[in-house]
Amino acid sequence: MDRAMASRRILSLFNTLTRRVEPVHPLEQGVIRIYNCGPTVYNFAHIGNLRTFLFQDLLRRTFEASGYDVKFCMNITDVEDKIIRDSQAGLPADASNAERLVAMKALTDRYTAYFLEDLARIGIQPATYMPRATDYIGGMIAMVEQLIAKGHAYAREGSVYYRIGSLPHYGDLAHLDREGMQVGVSVDVDEYEKDSAQDFVLWKAAKPGEPYWESPWGPGRPGWHIECSVMGIDVLGERMDIHTGGVDLIFPHHTNEIAQSEGCLGHTWVNHWCHGEFLMVEGQKMSKSLGNFFTLRDLIDKGIDPLSFRYAIQSNHYRKVLNFSFDGLKAADASLARIRAFRRRMTGTGEVAGRGDWKEAVDPMARLQMARERFWEAMADDLNTPEALASLFTLVTDLNAQDDRVALTVEERQAVSAFLDETNAIFGGWAAEEETLPAEIEALLAQRQEARATKQWAESDRLRDVLKSLGFLVEDRKDGTMSARRA
Ligand SMILES: [Zn+2]
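In this text, residue positions in the sequence shown follow this note's numbering: the first is 11, and each later residue adds one.
Following this line, the structure appears as structure tokens:
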């Protein structure tokens, strides 16, 4: 605790609400509350979605590495129009509501599991809280009732709408032109364009064939926007430090979340709104028709290391449109290999390197200090990852050259390794050697260990060759265990 207090940094982030980079002063000392709009679970996440989740993970890890206790909430949207469309398609017309709800849950459970698998593969840490919308239906009905009572909403034909004209600052986040708003006109869909800002739906009357919950306005279901307001307030409280999402959520989703939450609470709900930019693929918008639409599974099928994907995303600034390319992935792979090789070198004893006669020797500790300062200066300035990583690579270049000529001491190596741990805690690409082995390599090692335990020497040799063909050298230890390292 004392150490964390001493090292706690102030981080600055771009705030979409004010359009400025501003320091984050937490509501509660040492604690950061972050709400992240999570996935709508009716399909696999595509790499554009994953970019947003990687940005959120970067944000969270940077606060944690800066000494904060991060309360990180990511919701699961498990009731929504597209989920209903896909989950009800195979049901008979006379299916009961209970059957319809079960079918919806089966679909969302399946895709939630896939989603969590994908996050684990790219090193995204599990959220502190992961509320599911369908567990909060009662709270959503209660919030809609409050909004009606406060004059912000009205019921019509079994649905309830938010009256956008009732909130003076409606649309500030998206810089909406209030003159152009269609006050009094209502919209039933959750997603629409900025120039058609209208009274949006809070509660949707059920149509025949749709699953529903009972409500004071008849059978229906919540709109998408109300879900996040209710879960955010329930889990994190009436105020939070940061709310995130992709830039496509600024309008209408986050705009409407503010209207609902602040209409209900009567005060500012979120201090900092942070949005991650889009991802393009090879210079084009990703779309199924262009054949450039990828999920993480597609990349893995192409032999791509999920951590290289993570690095390719995070080495670009989160507020710049990212042009994803397979060349970019190769470059990410090479960058990671370079840091990992440096890490291995720093783990060694240094006995073989260095002749001790190099005139341009530098003070490794001074270089390390400089790199560390530059790294944190960049990260604290709106998560400037390109600058932060540049400082790390300067260190790698300098100390590799130094170690070629004058070997670093054990203490210097340990200090450098500690910095590599510190940076890996954020970027998650250069953990201590054994932890970075891909799952398939771990599985082959386990098979080989089993083969040796049962004295199947030919099989053991075969597996060693398989590992070698995949680029890993096996090292047998005296106690019968083994490890592998990249050749
Ligand atoms: Zn949301």
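Ideal placement from N, C-alpha and C gives every residue a C-beta, glycine not left out.
Beta-ladder partner(s) of residue i, from DSSP
i	result
Arg43	Lys81
Lys499	The structure shown does not extend to residue 499, since the chain spans only 11 to 497, so no value can be given for it.
Trp283	His253
Lys214	Arg231
Val484	Ala494
Asn333	Met290
Tyr164	Tyr171
Val197	Phe210
Glu38	Val41
Ile86	Arg142
Thr278	DSSP lists no partner for Thr278.
Thr357	DSSP, once it has assigned bridges, lists no residue as partnering Thr357.
Reference residue i; option with closest CA among the options
i	options	result
Val170	Gly181, Ala184, Glu155, Tyr180	Glu155
Asp414	Glu387, Val372, Glu421, Thr395	Val372
His56	Ser239, Pro221, Lys298	Lys298
Phe125	Leu177, Thr305, Val197, Ala269	Thr305
Arg348	Gly301, Asn326, Leu402	Leu402
Val34	Val51, Pro49, Val80, Leu289	Val80
Trp440	Arg70, Ile132, Leu455, Met389	Ile132
Asp200	His185, Met114, Pro232, Met191	Pro232
Asp67	Phe54, Asn53, Thr87, Ile44	Ile44
Glu74	Ala390, Leu300, Arg173	Ala390
Ala215	Pro178, Met191, Gly256, Ala165	Ala165
Tyr180	Asn326, Leu117, Thr144, Leu27	Leu27
Glu432	Ser470, Leu455, Arg353	Arg353
Arg355	His162, Asp337, Leu430	Leu430
Met296	Val331, Gln424, Asp209	Val331
Asp258	Ala411, Leu447, Tyr202	Tyr202
Met380	Lys160, Thr404, Leu393, Gln294	Thr404
Pro36	Leu23, Arg29, Arg30	Leu23
Gly313	Asn333, Pro218, Lys340	Lys340
Ala207	Ala152, Cys274, Thr265	Thr265
Arg71	Tyr222, Ala137, Arg474	Ala137
Arg320	Ile436, Ala152, Val416, Pro49	Ile436
Arg29	Ser106, Asn281, Glu109	Asn281
Pro49	Ile42, Asp119, Ala103	Asp119
Ser196	Arg173, Asp145, Asp311, Asn59	Arg173
Ile134	Leu477, Ile236, Gly438	Gly438
Asn417	Pro374, Leu447, Glu383	It is worth fixing the name first, because residue 417 is Ala in this sequence and not Asn. If we check each option's Cα against that of Ala417, Pro374 comes out closest.
Glu38	Ala113, Glu248, Trp234	Glu248
Ser271	Lys160, Asp408, Glu189	Lys160
Val112	Asn85, Ile86, Thr144	Thr144
Proximity below 7 Å, CB of residue i to CB of residue j
i	j	result
Leu64	Ile252	no
Tyr139	Cys83	yes
Tyr328	Gly286	yes
Lys92	Tyr52	yes
Ser335	Glu292	yes
Arg18	Gly77	yes
Ile516	Leu129	Residue 516 falls outside the range modelled here, since the chain spans only 11 to 497, and no answer is possible.
Leu378	Ala342	no
Gly149	Val240	yes
Thr254	Cys274	no
Trp213	Trp227	yes
Val484	Ala468	no
Arg61	Leu289	yes
Leu454	Leu477	yes
Asp392	Val41	no
Boundaries of the beta strand (DSSP E) in which residue i is found, first to last residue
i	result
Met290	289-291
Asn25	22-25
Glu32	30-33
Unbroken alpha helix (DSSP H) run spanning residue i, endpoints
i	result
Asn107	107-131
Phe303	Run containing Phe303: none; DSSP gives neither H nor E here.
Arg415	395-415
Leu430	420-437
Glu267	265-275
Arg70	57-75
Pro316	316-324
Pro226	It is not in any alpha helix (DSSP H) - Pro226 carries neither H nor E in the DSSP assignment.
Gly149	147-159
Ala103	No alpha helix (DSSP H) holds Ala103; DSSP gives it neither H nor E.
Trp467	467-479
Met375	374-390
Arg462	449-463
Contact with chain C by residue i, beta-carbon distance below 7 Å
i	result
Ser335	The chain inventory of the structure shown lacks chain C, comprising one protein chain alone.
Neighbouring residues (CB closer than 5 Å to any heavy atom of ligand 1): Cys47, Cys238
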